[in-house]
Every structure is written in C-alpha cells, then in structure tokens.
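Below is one structure, written out as structure tokens, with a few remarks after it.
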Amino acid sequence: MRNPCPTQSFHHQMPPPHSDTVEFYQRLSTETLFFIFYYLEGTKAQYLAAKALKKQSWRFHTKYMMWFQRHEEPKTITDEYEQVQIYPALLYFSVRPVVVEEGDKQPERRW
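Take 23 as the starting number for the sequence shown in my numbering and just add one per residue.
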C-alpha cells in the first residue's frame with residue numbers, strides 16, 4: 023500500500039481481490055479513471071487507468087497532456103501520427119483550462 027494508516031476494523035483492511043488488473047479498472051467510471059490517471063501519477067494504478075481509458079477509445083496527446091476521443095476516422099494514419107480534417111469532432115478531458123487562440127491551426131495529433 024502506498025500510505026497505509028490505521029483504520030477501524032469494520033473498514034476493509036485489504037484491497038479487493040484482483041483490483042490490480044485491467045479488467046477491474048474497466049468496470050470503473052470514466053471520471054474515476056481520469057481521476058486515477060491525473061492524481062496517482064507514476065503508479066501502477068495510473069498505468070492501469072490509462073489502459074482502461076485506451077480500451078474505451080480515449081487517446082492521450084503527449085504535447086497537450088490531454089485525453090481525446092474522436093468521433094470520426096482520421097484521413098491518414100501512420101506509426102508517427104494521425105491526420106484529420108480541420109476541427110474534427112472530438113471529446114476531450116483536461117485537468118487544466120483549455121485556451122484556443124483565434125486563428126490557431128489544427129495540429130496533427132501525436133499519440
């Protein structure tokens with residue numbers, strides 16, 4: 023355990039069985055997975071949350087440090103990048119405010 027502390031005996035003293043598997047994380051809500059990803063940085067829990075989000079078709083953009091989920095297929099897919107039409111339909115999740123400057127060109131997504 024990361025930071026164990028004494029708790030009352032009627033609380034669970036051990037984590038649930040198989041709670042360190044991707045299958046367990048796939049049963050959690052999307053919001054819970056985002057919380058785990060951003061607030062348990064550098065842990066196995068963060069890794070498993072990322073795997074579960076990826077199985078839900080979320081992709082992490084390393085430049086913008088945000089999660090995106092597309093609603094259309096890209097025009098070009100390579101091992102290095104995906105190219106989409108300008109301003110594609112995307113859902114996104116970020117813990118920081120997103121600022122889009124007027125006239126910004128839509129960049130290629132790298133993940």
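Think of the CB as a built atom: it goes at the ideal place given N, C-alpha and C, for glycine as much as any other residue.
Provide the residue span of the alpha helix (DSSP H) that contains residue i, from first to last.
i: Gln48; result: 44 to 48
i: Lys66; result: 66 to 77
i: Leu55; result: 52 to 61
With a 10 Å radius around its C-beta and 16 neighbouring C-beta atoms as the bar for buried, classify residue i as buried or exposed.
i: Phe59; result: buried
Specify, as a first and last residue, the run of the beta strand (DSSP E) that residue i falls within.
i: Phe90; result: 88 to 92
What does a CB cutoff of less than 7 Å around residue i pick up in its chain, not counting 5 residues either side in sequence?
i: Leu62; result: Gln68
How long is the line joining the alpha carbons of residue i and residue j, rounded to whole angstroms?
i: Thr29; j: His40; result: 22 Å
i: Thr52; j: Lys76; result: 11 Å
i: His33; j: His93; result: 42 Å
i: Thr100; j: Gln35; result: 47 Å
i: His163; j: Ser31; result: There is no way to answer for residue 163, as the model of the chain reaches only from 23 to 133.
i: Pro37; j: Cys27; result: 14 Å
i: Glu102; j: Asp42; result: 31 Å
i: Lys85; j: Phe57; result: 20 Å
Near residue i, what residues of its chain come up, given a Cβ to Cβ distance below 8 Å and the 5 sequence neighbours on each side ignored?
i: Ala74; result: Val44, Tyr47, Gln48, Leu50, Leu55
What would DSSP say about residue i, mapped onto helix, strand or coil?
i: Phe32; result: coil
i: His83; result: strand
i: Thr98; result: strand
Within a Cβ cutoff of 6 Å, which residues of the same chain sit near residue i, ignoring the five residues on either side of it in sequence?
i: Leu70; result: Val44, Tyr47
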